[in-house]
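Taking it in order: structure first as structure tokens, then the write-up.
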């Protein structure tokens, strides 16, 4: 922290300077884009775009959406959280002992039981 003769702090001067330079850069970039951009509006640019699939009209109630998409998404989240718990356990495995091994085996079994249930019920069959 640098003090001037008047006792004011100049420690934040570089930070404030970088924020000002960043703001100037953003404003300059947006201004150059607005001034130099080629403007050729057409019907295709104003259409709704959804992942390359042509949008189709929906019924008044919104139509039905297959639940299997949500099942797969939830399974992904569950296994993602599972890995989030398994990684630190694996890193510190040597110090944790047998109790932690038993606990992790129970955790993995508790995660895989719903997976086997969904698989048996056909929740992952896409045909």
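In the UniProt record's numbering, the protein residues as written are 1 to 127.
Positions of the beta carbon are idealized from the N, C-alpha and C atoms, including for glycine.
In the displayed model, residue 37 falls within coil according to three-state DSSP, outside both helix and strand.
Annotation: residue 37 to residue 31 spans about 10 angstroms, alpha carbon to alpha carbon. No Cβ-Cβ contact shorter than 8 angstroms links residue 75 with residue 24. For the 8 angstroms CB-CB criterion, residue 111 and residue 78 form a contact.
Only residues of its own chain outside the window of five on either side were considered, and among them none has a CB closer than 6 angstroms to the CB of residue 39.
Annotation: residue 82 to residue 33 spans about 45 angstroms, alpha carbon to alpha carbon. Of all alpha-carbon atoms in 14, 18 and 123, the one lying nearest the alpha-carbon of residue 70 is that of 123. Of the candidates 108, 97, 94 and 98, the residue whose Cα lies closest to the Cα of residue 85 is 108.
Within the model, the alpha-carbon separation for residue 92 versus residue 115 is close to 27 angstroms.
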